[in-house]
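Here's the structure, in structure tokens; my notes come after.
Numbering (mature numbering (1 follows the signal peptide of the UniProt record, and there is no 0)), first residue to last: -30 to -1, 1 to 161.
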């Protein structure tokens, strides 16, 4: 039995070697035409009142300044008094260690003021008195809105929001100084 040999084995060999050598130079050609592009950062202001886009309305609580005044919010406990699934973890001596959203608390609930992450709680373990304090307190008369997300929200709030997030938005200068005026005044009297 005779095996069929190609008529031109040298031509096939030369073509295959030529093809191999051309592919060896491809990375060098690609490396010659490189260009460094500038970094582009895309930012946009976050809308505060987006509750209308929420399908169920159960995962997000948004309270504006009028609602805070209507509910007579004076401290962190008053803020979540009427909201199911959100509570305050008591630390003792009048302090709190933060929010508990659906049973998840401490540093797994992200707290931010105007987009800046806040420390959840502070406990002085070096002191014999066992002093502690709540780091989540804010002056609610200077808050324009509070947005509380129930459940994981790392996309909007960053890391540390496994249980949820609480975002405070403070008032702007326009809330204190009327339009066309150069001076504004806001006062509070307590008895």
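No residue lacks a Cβ here, since even glycine has one placed at the ideal position from N, Cα and C.
Among the options, the one whose alpha carbon lies nearest that of residue i
| i | options | result |
| --- | --- | --- |
| residue 32 | 55, 116, 50, 122 | 116 |
| residue 60 | 130, 15, 70 | 70 |
| residue 108 | 49, 53, 124, 130 | 49 |
| residue 35 | 139, -20, 144 | 139 |
| residue 13 | -13, -22, 126, 156 | 126 |
| residue 111 | 5, -8, 44, -20 | 44 |
| residue 56 | 10, 121, 142 | 121 |
| residue 113 | 39, -12, -10 | 39 |
| residue 83 | 141, 156, 42, 37 | 141 |
Local Cβ density within 10 Å of residue i, reported as buried at 16 or more and exposed below that
| i | result |
| --- | --- |
| residue 118 | buried |
| residue 73 | exposed |
| residue 46 | buried |
| residue 123 | buried |
| residue -17 | exposed |
| residue 159 | exposed |
| residue 68 | buried |
| residue 129 | exposed |
| residue 22 | Low confidence applies here, because residue 22 scores a pLDDT of 47, under 50, leaving its location unreliable; read the following figure in that light. It is exposed - the Cβ of residue 22 has fewer than 16 other Cβ atoms within 10 Å. |
Close-in-space but distant-in-sequence residues of the same chain around residue i (CB under 8 Å, 5 per side omitted)
| i | result |
| --- | --- |
| residue 147 | 153, 154 |
| residue 7 | none |
| residue 53 | 31, 118 |
6 Å CB neighbourhood of residue i in its chain, flanking five on each side removed
| i | result |
| --- | --- |
| residue 58 | 46, 47, 66 |
| residue 156 | 146 |
Residues near residue i by beta carbon distance below 7 Å, same chain, minus five either side
| i | result |
| --- | --- |
| residue -21 | none |
Q.
Tell me whether the segment 124 to 135 and the segment 75 to 83 touch, counting them as touching only if at least three CB pairs, one residue from each stretch, are closer than 8 Å.
A. yes
Q. Going along the chain, which unbroken runs of the alpha helix (DSSP H) with 4 or more residues stay wholly within the segment 108 to 133?
A. 124 to 127
Q: Quick one: which unbroken alpha helix (DSSP H) runs of 4-plus residues sit fully inside the segment 26 to 94? Chain order, please.
A: 35 to 40, 46 to 49
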